[in-house]
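**Student:** Converting from the sequence shown to this note's numbering requires adding 331 to each position, the first position being numbered 1.
Note that the Cβ used here is the ideal one computed from N, Cα and C, for glycine as well.
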Amino acid sequence: MRRVLQMSSDTLFQALPTAMAVLDENERVLAVNESLCALLGRTHENLVRRSSMELLSPHDRGSTLTAYAGGVGTDRGGDGLTRHQRRLRCAEGRTVFCDVHATFLAYEGWAGVWLVAFIDVGQRHHYTQALHAETEHDELTGLLNRKGVRRLLDQQLSDEGQREGAVLFCDLDNFKRINDTLGHTAGDDLLVRLAQRLQQGLPSECAAARHSGDEFLIVCPDVAAHGGPLELAERISVLLRTNMAREDHLIAVSASIGIATTSDPGVERPEELLRLAEVAMYQAKDHGTGHVFRANAGLSTSLEREANFEQELRQALARDELTLHYQPIVDPTGRVHSAEALLRWPHPQHGLLSPGTVLPAARNAHLVSELDRWVLSAAAREAAIWPDQQGRPVAVTVNLSSTLLHEPDFAAQIERIVPATGLDWHRLVLEITETDLLDLAPATLTAMHELAERGVRFALDDFGTGYSSLERLKELPVQILKLDRTFVAGLEREAVDAAIAGAALSIAQARNMTCVAEGVETTGQLYQLARIGFTDYQGFLFAAGVPAAELRALIQRPPTLAARKEAGSRPHPIETQPAPDDPDTMPRTPTITPPSRRTTGEVTTAGAPVPDGHECWIFRDHEEFRTRAREYVRDGLSHGYRIEYVDHAPASRLRAQLAADEILGPAMETGAMSVATIEEFYPTSDGGIVDAEAAMDARLTSAEKALAAGYTGFRAIVNATAMVTTPDQRAAFAYYEYLCDHVISTEPVTALCAYNLTELGSAAVAEMACLHPVTTPTASPFRLYAESTDEHTDNEYDTRLALTGVLDLPCANLFTAALEHTRAHNLLINDRGLDILDPRVIHALDQHARAHHKHVTLRLTQPLSTRLRPLLHNLTHTRIETHQA
332 MRRVLQMSSD TLFQALPTAM AVLDENERVL AVNESLCALL GRTHENLVRR
382 SSMELLSPHD RGSTLTAYAG GVGTDRGGDG LTRHQRRLRC AEGRTVFCDV
432 HATFLAYEGW AGVWLVAFID VGQRHHYTQA LHAETEHDEL TGLLNRKGVR
482 RLLDQQLSDE GQREGAVLFC DLDNFKRIND TLGHTAGDDL LVRLAQRLQQ
532 GLPSECAAAR HSGDEFLIVC PDVAAHGGPL ELAERISVLL RTNMAREDHL
582 IAVSASIGIA TTSDPGVERP EELLRLAEVA MYQAKDHGTG HVFRANAGLS
632 TSLEREANFE QELRQALARD ELTLHYQPIV DPTGRVHSAE ALLRWPHPQH
682 GLLSPGTVLP AARNAHLVSE LDRWVLSAAA REAAIWPDQQ GRPVAVTVNL
732 SSTLLHEPDF AAQIERIVPA TGLDWHRLVL EITETDLLDL APATLTAMHE
782 LAERGVRFAL DDFGTGYSSL ERLKELPVQI LKLDRTFVAG LEREAVDAAI
832 AGAALSIAQA RNMTCVAEGV ETTGQLYQLA RIGFTDYQGF LFAAGVPAAE
882 LRALIQRPPT LAARKEAGSR PHPIETQPAP DDPDTMPRTP TITPPSRRTT
932 GEVTTAGAPV PDGHECWIFR DHEEFRTRAR EYVRDGLSHG YRIEYVDHAP
982 ASRLRAQLAA DEILGPAMET GAMSVATIEE FYPTSDGGIV DAEAAMDARL
1032 TSAEKALAAG YTGFRAIVNA TAMVTTPDQR AAFAYYEYLC DHVISTEPVT
1082 ALCAYNLTEL GSAAVAEMAC LHPVTTPTAS PFRLYAESTD EHTDNEYDTR
1132 LALTGVLDLP CANLFTAALE HTRAHNLLIN DRGLDILDPR VIHALDQHAR
1182 AHHKHVTLRL TQPLSTRLRP LLHNLTHTRI ETHQA
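#1: What residue does the beta strand (DSSP E) around valine 431 start on, and which one ends it?
#2: Among the residues of its own chain, which have a CB less than 6 Å from the CB of alanine 433, if the five just before and after it don't count?
#3: With DSSP as the reference, please indicate the residues paired to isoleucine 949 in a beta bridge.
#4: Please give the ranges of any beta strand (DSSP E) in the region 736 to 777, keeping only runs that are unbroken, at least 3 residues long and fully inside the region.
#5: Along the chain, where does the beta strand (DSSP E) containing glutamine 658 start, and where does it finish?
#6: To which residues does DSSP link proline 677 through a beta bridge?
#7: Quick one, are the C-beta atoms of serine 568 and alanine 586 less than 8 Å apart?
#8: Rounded to whole angstroms, what's the CA-CA distance from leucine 367 to alanine 422? Just pull it up for me.
#9: For leucine 471 and tryptophan 705, what's the separation of their Cα atoms in angstroms?
#10: Please classify valine 760 as buried or exposed, where buried requires at least 16 other C-beta atoms within 10 Å of its C-beta.
#11: Among Met999, Phe1064 and Glu993, whose alpha-carbon lies nearest the alpha-carbon of methionine 1027?
#12: Unbroken beta strand (DSSP E) runs of length 3 or more, entirely within the region 535 to 586: which are they?
#13: Mind checking which residues open and close the beta strand (DSSP E) that includes glutamine 810?
#14: Of the residues Ala1034, Val360, Glu1011 and Ala778, which one's Cα is nearest the Cα of glutamate 806?
#15: Please give me, in chain order, every unbroken run of the beta strand (DSSP E) with length at least 3 that falls completely inside the region 592 to 647.
#16: Looking only at DSSP bridge pairs, what is alanine 1047 linked to?
#17: Note down the Cα distance separating methionine 844 from threonine 516, rounded to an integer number of angstroms.
#18: Starting from the C-beta of aspartate 978, find all residues in its chain whose C-beta is less than 6 Å away, skip the five residues before and the five after it, and write them out in chain order.
#19: Ignore the nearest five residues each way along the sequence and tell me which others in valine 1222's own chain have a CB closer than 8 Å to its CB.
#20: What ranges does the beta strand (DSSP E) occupy inside the region 691 to 734, keeping only unbroken runs of at least 3 residues that lie completely in it?
#21: What's the gap between the Cα of histidine 780 and the Cα of threonine 1032?
#22: So what's aspartate 651 in DSSP terms, helix, strand or just coil?
#23: Would you mind working out which of Arg1198, Pro534, Tyr1042 and Asp815 sits nearest arginine 566, comparing C-alpha positions?
#24: Leaving out five residues on either side along the sequence, give the residues of the same chain with a beta carbon under 8 Å from the beta carbon of aspartate 519.
#25: Determine the direct distance from the alpha carbon of threonine 395 to that of valine 363, and round the result to whole angstroms.
#26: With a CB to CB cut of under 7 Å and the five nearest residues on each side skipped, what residues in its chain are close to threonine 1209?
#27: Using a 10 Å radius around the Cβ and a threshold of 16 neighbouring Cβ atoms, would you call tyrosine 438 buried or exposed?
#28: Between Lys478, Gly1136 and Val827, which has its C-alpha nearest isoleucine 1167's C-alpha?
#29: Going by alpha carbons, who is nearest to tyrosine 1086 out of Leu561, Asp952 and Ile549?
#30: Using the three-state DSSP reduction, which class does phenylalanine 1236 fall into: helix, strand or coil?
#31: Considering Cα atoms alone, identify which of Leu707, Val550 and Asn505 is closest to leucine 521.
#32: In whole angstroms, what is the alpha-carbon distance linking glutamate 365 and threonine 374?
#33: Measuring alpha carbon to alpha carbon, tell me which residue in Glu652, Gln988, Tyr1042 and Ser594 is nearest leucine 488.
#34: Within 10 angstroms of its Cβ, does arginine 600 collect 16 or more other Cβ (buried), or is it exposed?
#35: Rounded to the nearest angstrom, what separates proline 1162 and glycine 722 at their Cα positions?
#36: Contact defined as beta carbons within less than 8 Å: I believe alanine 960 pairs with tyrosine 976. What is the distance between those atoms, to the nearest angstrom?
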């Protein structure tokens, strides 16, 4: 003891920078050094001979400095040292945090002493506290974040005897509009301003937090003290209601609020309380902006069902109980060139569930990325064994969620999965939505380029519905644009949808991309898309999503158009509603299998072979029509067909004329042939405009009845001249012809639609050609029209015509037929916007001119003239010139 006390008075002990003290066995202070006196602001005399307990802050009373018996915050090492942290009381009442290191020194024959060192860690403690506070607060607003709310709710739910607490989940209305129109800086300023209003306007016991984005949480430990949850919600609603100025008008901002309380059924943990409040908020949003909804027992039960459903999904994924269907993507010929993989869950109670039901559960259960990987692996494995389509490999399209897309090892995951399936990289299409482009990280963009270099193609889904810029599109390795189904749905009635569809196609063509029209459900939509120029389609009109085995059969036998007028009556999978990302439902199977492509595109004349499909035919006089019609009808009767004969003459006169025929007369008597006037045959609206879909349905019904009655086929011969005398009539009738092409024109159901060229004139016939899209990969409409003579000084020409569009070989016969009755002998045809001109059409034109003793000058633009001149030889009656402009 004497040695220790002597040591404590040594100059070295007093000069040590570390605060030191010597205690006896009873922890009374025997000696202190100058550093400890300075740390505590107390003198040597004030500390010595006192109990060490007097050095401790009241917060640590009941503890000891040496903590020899161990305990919380104590570490007794193998070196005999005890290490712990204590708060010491200073002279002026402040507290200092110290790490305390103590060791017991014992000498033979003497009582032992404690040698204690104190290390000030106050600065480190305050830094740790500040760091802890930072991790629990939102950087932008200074409010609690989700972690802070979780800790607060943990405390409230664990307090015994607690009163009814509440969480109010607030989502700002119109916030996205502010970000989009005023910018993200203005959006951040609004969040900060509203956070300040909450801090100043809420009761002191309530805490405000920013959950994420434009969502705020209010935690109230005793909601009854503030008038109940609804009254508190109204107070908060006022605080979150404001306006933002935009140019000359204001954007109103409000909040939809969902309320959940600690007394609600099933609430035992913070995450249950938060989720119940969030679901209640979505219920409020369903009622419009600025509404409040309080969770009820039904909502709690619903959440419990969802939790069970999520657990079932987790088990189904683990047991490989999910499956895939595939919806074909086809070209105009009906050839399947790719198919989109669609997730299906054969649920034991609910039946076959689609992504519209499965994906929300996957998101709540944090299974989206795992689900994506399963779909990619299963789809690639299946596609690897698909047969080629006419020698061409068929690709598979897989939808990717933004969750997987933004994972740091996104490319590595794809590169790990695909090779194991045996699928060639060039047959894989990864589909992302347009909204994913808004926050695409540079690392993700790099990963996409890496995969594209391997041969993977990327498709941009829902094109036209997001907010991505076209400049952003230029940066992406996207090869396919998929026009959103909302624009396809409105094509038949909204001019703006047609304009958007055309713009999307133009963007794709300019970027050398493919543009796929999604959600094609009616022949009217297909007709409009074909007129615009689309050549790739996906939708119920061609095929629904089908199991893998059926898809393989469709690849080998192209899908046909579904013969139905409306798609709205199709059945949906049990317990589901059709979702935007789920294009599958089952259309009815047509009784008559329609063709996969148009069988003709030419105008024929008398003496041509009897057609085997829907054919447009022109005649010069009525006797020519009757002669041609008899050939057509007799041929049909010889094959056991049911015949419909339609002309514009009165039915009684027609019957009298046809009754004298040795074949047609008996056919009328037996019912094998019926006769009708044009008015009886075609349902029309005001102005004599055909109701195309009603007329098509009537023909389909007649054909089905004929087949049901035992006839081997059905054939119609129609003089439709009276139905196409005005532009509006021609537009409607061209649509009717298109429906016939794609719905009822195939053996054993055929039709011949004839027009009187003498009555209509060549311009009307050419207009019909322009209105009637020929849906083959190479054929498109042209337009031929007269130009004003005032614009020209070329007096040598009798007639001046203008030519636009695409003039290729399938249009050659129609083009020359349109010129056939032109009385002029010297024609000038000006190129006013030709996109394609097949040189074989010019040779056909020259043959026509030679046969009719005409001379034609075809004045082309410089690029087209330069390309065609080397291909044109031995022209005798056609001259090629170049525009001087």
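**Tutor:** Let me lay it out:
#1: In the sequence shown, residue 431 corresponds to position 100, counting from 1. Residues 426 to 436.
#2: Along the sequence shown, read from residue 1 onward, the residue named residue 433 stands at position 102. Thr397, Thr413, Trp445 and Val447, listed in sequence order.
#3: Numbered from its first residue, the sequence shown carries residue 949 at position 618. DSSP lists Tyr1086 as the beta-bridge partner residues of isoleucine 949.
#4: List check, beta strand (DSSP E) in window: 759 to 764.
#5: As a first step, residue 658 is located in the sequence shown; it is residue number 327 there, counting from the start. In the DSSP assignment, glutamine 658 falls within the beta strand (DSSP E) that extends over 654 to 661.
#6: By 1-based counting over the sequence shown, the position of residue 677 is 346. According to DSSP, which records beta bridges pairwise, proline 677 is partnered with Leu683.
#7: Residue 568 sits at position 237 when you count from the first residue of the sequence shown. Residue 586 sits at position 255 when you count from the first residue of the sequence shown. The criterion of a C-beta distance shorter than 8 Å is satisfied by serine 568 and alanine 586.
#8: Mapped onto the sequence shown, residue 367 falls at position 36. Mapped onto the sequence shown, residue 422 falls at position 91. Their backbone Cα atoms lie some 12 Å apart in a straight line.
#9: Residue 471 sits at position 140 when you count from the first residue of the sequence shown. Residue 705 sits at position 374 when you count from the first residue of the sequence shown. About 38 Å.
#10: In the sequence shown, the residue the question calls residue 760 occupies position 429. So valine 760 ends up on the buried side.
#11: Within the sequence shown, residue 1027 is the residue found at index 696, counting from 1. For the residues Met999, Phe1064 and Glu993, the minimum Cα distance to methionine 1027 belongs to Phe1064.
#12: List check, beta strand (DSSP E) in window: 538 to 543, 546 to 551 and 573 to 577.
#13: On the sequence shown, residue 810 is found 479 positions in, with the first residue counted as 1. Boundaries of the beta strand (DSSP E) around glutamine 810: 809 to 814.
#14: Numbered from its first residue, the sequence shown carries residue 806 at position 475. Ranking Ala1034, Val360, Glu1011 and Ala778 by Cα distance to glutamate 806 puts Ala778 first.
#15: For the region 592 to 647, whole beta strand (DSSP E) runs of length 3 or above, ordered along the chain, are 623 to 625.
#16: Counting from 1 along the sequence shown, the entry for residue 1047 is found at position 716. Paired residues: Glu975 and Ala1082.
#17: Against the sequence shown, residue 844 aligns to sequence position 513. Against the sequence shown, residue 516 aligns to sequence position 185. Between methionine 844 and threonine 516, the C-alpha separation is close to 35 Å.
#18: For the purposes of this step, residue 978 is taken as the residue at position 647 of the sequence shown. Same-chain partners within the cutoff: Leu985 and Asn1050.
#19: The chain is shown only over 332 to 1216; residue 1222 falls outside these bounds and no answer can be derived.
#20: Listed in chain order, the complete beta strand (DSSP E) runs (minimum 3 residues) inside the region 691 to 734 are 726 to 730.
#21: Position 449 of the sequence shown holds residue 780. Position 701 of the sequence shown holds residue 1032. Between histidine 780 and threonine 1032, the C-alpha separation is close to 53 Å.
#22: Here residue 651 refers to the residue found at position 320 of the sequence shown. Annotated three-state conformation of aspartate 651 is coil, per DSSP.
#23: As a working note, residue 566 is residue 235 in the sequence shown. The shortest C-alpha separation from arginine 566 is found at Pro534.
#24: Along the sequence shown, one-based indexing puts residue 519 at 188. So the list reads Leu471, once near-sequence residues are dropped.
#25: Taking the first residue of the sequence shown as 1, we reach residue 363 at position 32. Taking the first residue of the sequence shown as 1, we reach residue 395 at position 64. Annotation: valine 363 to threonine 395 spans about 17 Å, alpha carbon to alpha carbon.
#26: Residue 1209 sits at position 878 when you count from the first residue of the sequence shown. Once the five neighbours on either side are set aside, the close Cβ partners of threonine 1209 are Ile1173, Leu1176, Asp1177, Ala1180, Val1187 and Leu1189.
#27: For this step, residue 438 is matched to residue 107 along the sequence shown. Around the beta-carbon of tyrosine 438, fewer than 16 other beta-carbon atoms lie within 10 Å, marking it exposed.
#28: Counted from its first residue, the sequence shown places residue 1167 at position 836. Considering only alpha carbons, the answer is Gly1136.
#29: Translated into positions along the sequence shown, residue 1086 becomes position 755. Nearest C-alpha to tyrosine 1086: Asp952.
#30: Given that the chain is displayed from residue 332 to residue 1216, the structure contains no residue 1236 and the question cannot be resolved.
#31: Locating residue 521 in the sequence shown gives position 190, where the first residue counts as 1. Taking only the C-alpha atoms, the option nearest leucine 521 is Asn505.
#32: Position 34 of the sequence shown, counted from the start, is the residue given in the question as residue 365. Position 43 of the sequence shown, counted from the start, is the residue given in the question as residue 374. The alpha-carbon of glutamate 365 is positioned some 9 Å away from that of threonine 374.
#33: Against the sequence shown, residue 488 aligns to sequence position 157. Nearest option by C-alpha distance: Ser594.
#34: Within the sequence shown, the letter at position 269 stands for residue 600. Exposed, because fewer than 16 other Cβ atoms sit within 10 Å of the Cβ of arginine 600.
#35: What you label residue 1162 is simply residue 831 of the sequence shown in a count that begins at 1. What you label residue 722 is simply residue 391 of the sequence shown in a count that begins at 1. For the sequence presented, residue 1162 should be read as aspartate rather than proline. Cα atoms of aspartate 1162 and glycine 722: separation of roughly 38 Å, rounded to the nearest angstrom.
#36: Reading the sequence shown from its first residue, position 629 is the one you call residue 960. Reading the sequence shown from its first residue, position 645 is the one you call residue 976. The pair is a contact, with the Cβ atoms about 7 Å apart (cut-off 8 Å).
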